[in-house]
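Residue numbers (the working numbering), protein chains in the order written: chain A, 504 to 724; chain B, 19 to 163.
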Amino acid sequence: MTALFLLLFEMAFAFETTQTATGADMVWTLVPIDYTVNLQGLPPELDRKGISTAIDRSFLAWERVEGADVAFVWSGDSANEVHWDSAWPYDPDVMALTSTWATDSGVLLAFDVAINGQGGGWTLDASGRDLQNAMTHEVGHVLGLAHNGAEPEATMFPTTVIGETSKRDLHEDDEAGVRYLYPQAVDGVFLDASCSSTAVSPSALVMLLVAGLASRRRRSA
Amino acid sequence: MIGLLLWSALASATTFQGSASLSELAQRSQAVVRGVVVETSTQQRGRNLETRYTIAVEDALAGDVAEEVSVTLPGGHLNGLTQRVNGVPLWTPGDDVIVFVPRPGEPISLRGIFSVQAEQIIDPLVHRAAYVPLTVPDLGALLDR
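Below is the structure:
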């Protein structure tokens, strides 16, 4: 009955989830999720410390959701990277792009957030393209949320305007989405099937680890 | 009508700012085509996957193209692993799509890729019809067809 209530409750929200090619919701099954930040190529005029802080705060926004079991931890050797892309290959008005890798059953294995380093105009406040505003949106993708085109106030709404900082703070739709994907255990019991652990294909893991190491070597070369 | 379409173009983005309209995007493209995905091929580059979609052209909404066009998009599905790049669709053979085909040597615009369902253009960035419904005839009119 409680599970049914939660299901009906969540259905009232407009959040969307990211799915694998096989149609499974993409979800991390191991927390905390580690990540690292690579600011190579960052223009010298930008405040490195301020940018790192803004990125850390964007992860923290999702950790603070009550009723959701989400945690991140910074790790220098993580394969999950937020990086500054000064050779941006996509549309110049795309501010950032998140990739996630998952098994057919939806178990998330890795992520990559690329920040458009060519567009310029990044700021740490409302005077330009607020980095924390954009990064909080991207961390939603890291967690398996897709764009929410129905709620313009949501962090997961797909567009922004210069000077916007409101996406730093999650909307109730965003919070409902992360609670749906990462329900907190009540008395040791999960109330949603999406949190059941699933075996990870060893071949998929090997493929990802090898590729991740190759990528790391290229970047540090 | 054009104002509505401009709004829908603005809406189709991964944290976009000040996006160009669809008509401006069309002017920068070799062609705008509607067709059916007939073949997909996914390759691994480093840890990234990319998928080449071959599309049998059924209708050229703008420009002239051959009977088939191919576009390569980031992400895909290979060996039990899916890479999703948010806002980029994963198409399968049989999907009805609209693509703004880039000029030779130019990268594809992530805003110029759409699915079509019952003549309704589905924006993969928002996983549903645009806020203001955009139909294939609407797009044709926008492109002065």
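We put the beta carbon where it would ideally sit given N, CA and C, even for glycine. Note that the coordinates shown come from a computational prediction; the quantities given were computed from them, not determined experimentally.
Does DSSP put residue i in a helix, a strand or coil?
i	result
A:V733	Since the first and last residues shown for chain A are 504 and 724, residue 733 of chain A lies out of range.
B:I139	strand
B:L43	helix
B:D113	coil
A:T502	The structure shown does not extend to residue 502 of chain A, since chain A is modelled only from 504 to 724, so the question has no answer here.
B:P120	strand
A:Y593	coil
B:E57	strand
A:R567	coil
A:F562	helix
B:A159	helix
A:E548	coil
B:R65	coil
A:L684	helix
A:A582	coil
A:A517	coil
A:E677	Reading off the sequence shown, one finds Asp at residue 677 of chain A, where the question assumed Glu. It is helical.
Given this structure, state the Cα-to-Cα distance separating residue i from residue j, to the nearest angstrom.
i	j	result
B:G105	A:A574	25 angstroms
A:G579	B:S41	45 angstroms
A:R632	A:I665	5 angstroms
B:L108	B:G81	25 angstroms
B:D114	A:M529	25 angstroms
A:W587	A:H640	16 angstroms
A:Y538	A:L563	12 angstroms
A:A493	A:T626	What the structure shows of chain A is the stretch from 504 to 724, and residue 493 of chain A is not part of that stretch, so it cannot be assessed.
A:D559	A:A527	29 angstroms
A:W531	B:A159	44 angstroms
A:Q687	A:E566	12 angstroms
A:S630	B:Q135	41 angstroms
B:L152	B:G112	21 angstroms
A:A515	A:V576	32 angstroms
B:Q48	A:A571	47 angstroms
B:H95	B:L67	7 angstroms
A:S495	A:L600	Shown here, chain A extends from 504 to 724; a query on residue 495 of chain A therefore has no answer.
A:V610	A:V534	12 angstroms
A:Y683	B:I131	29 angstroms
B:T69	B:F118	16 angstroms
A:A653	A:H674	12 angstroms
B:L157	B:R102	27 angstroms
A:S555	A:S608	33 angstroms
A:N619	A:M598	5 angstroms
A:P547	A:T525	44 angstroms
B:E124	B:R63	19 angstroms
B:R121	A:P592	15 angstroms
B:P92	B:S39	23 angstroms
A:V540	A:V642	13 angstroms
B:I126	B:R46	10 angstroms
A:A617	A:V585	6 angstroms
A:I536	B:R65	19 angstroms
B:D77	B:L99	33 angstroms
A:L646	A:L549	28 angstroms
A:A649	A:T521	5 angstroms
A:V681	A:T663	21 angstroms
A:D806	A:T603	The requested residue 806 of chain A is not part of the displayed model; chain A covers only 504 to 724.
A:P655	A:G553	28 angstroms
B:D129	B:T60	Note that residue 129 of chain B corresponds to Arg in the displayed sequence, not to Asp. The alpha-carbon atoms of B:R129 and B:T60 are separated by roughly 21 angstroms.
Got a sec? Which residues, its chain only, sit under 6 angstroms from residue i by beta carbon, not counting five neighbours each side?
i	result
B:Y71	V55, T58, V89 and W109
B:A44	V50, A80 and L161
A:D695	Any answer about A:D695 is weak, because its pLDDT of 46 lies below 50 and its placement is not dependable; what the coordinates show is given next. The answer, listed in chain order, is P686.
A:M638	I558 and S561
A:H644	T601
Excluding the 5 residues flanking residue i on each side, which residues of the same chain have their C-beta closer than 8 angstroms to its C-beta?
i	result
A:D596	G622
A:R551	L542 and L545
B:V75	V51, R52, G53, V83, A84, E85, E86 and V87
A:T668	D628, A629, D633, Q635 and N636
A:G624	G631, R632 and I665
B:I73	V51, G53, V54, V55, V56, E86, V87, S88, V89, V115 and V117
Excluding the 5 residues flanking residue i on each side, which residues of the same chain have their C-beta closer than 7 angstroms to its C-beta?
i	result
A:N651	A517, F518, E519, A657, M659, F660 and D676
A:E678	V568
B:V154	R52, V134, E137 and I139
A:A605	T523, M529, L611 and L612
A:K670	N636, T639, H640, T658 and T663
(message) Which complete beta strand (DSSP E) runs does the stretch 634-669 of chain A hold, if anything under 3 residues is left out?
(response) none
(request) Anything in the stretch 52-75 of chain B with a Cβ closer than 8 angstroms to a Cβ of chain A? List those residues in chain order, please. (result) With the criterion set as a beta carbon lying under 8 angstroms from some beta carbon of chain A, the members of the stretch 52-75 of chain B are Q62, G64, R65 and N66, in sequence order.
(request) Pull out every residue of the stretch 88-108 of chain B whose Cβ sits closer than 9 angstroms to any Cβ of chain A, in chain order. (result) P92, G93, G94, H95, L96, N97, G98, L99, T100, Q101, R102, V103, N104, G105, V106 and L108
(message) Tell me which residues of the stretch 110-127 of chain B have at least one Cβ-Cβ distance to chain A shorter than 7 angstroms, keeping chain order.
(response) Of all residues in the stretch 110-127 of chain B, only P125 and S127 place a beta-carbon less than 7 angstroms from a beta-carbon of chain A.
(message) Please identify, using Cβ separations under 7 angstroms, the residues of the stretch 673-689 of chain A that lie next to chain B, in order along the chain.
(response) none
(request) Below 8 angstroms between beta carbons is the criterion; list the residues of the stretch 590-603 of chain A that meet it against any residue of chain B, in chain order. (result) P592, Y593, D594, D596, V597, M598, A599, L600, T601, S602 and T603
(request) Could you list the residues in the stretch 510-543 of chain A with a C-beta less than 9 angstroms from some C-beta on chain B, going in chain order? (result) Going along the stretch 510-543 of chain A in chain order, one finds E519, T521, Q522, T523, A524, T525, A527 and M529 with a Cβ nearer than 9 angstroms to chain B.
(request) Could you tell me which uninterrupted beta strand (DSSP E) segments, each at least 3 residues in length, are contained entirely in the stretch 76-106 of chain B, listed from first to last along the chain? (result) 86-92, 94-96 and 99-103
(request) Determine which residues of the stretch 640-654 of chain A have a Cβ less than 7 angstroms from any Cβ of chain B, and write them out in chain order. (result) Answer in chain order: H640, H644, A649, H650 and G652.
(message) Closer than 7 angstroms between beta carbons: that is the criterion. Which residues of the stretch 604-623 of chain A meet it against chain D?
(response) No chain D is present in this structure, whose protein chains are A and B.
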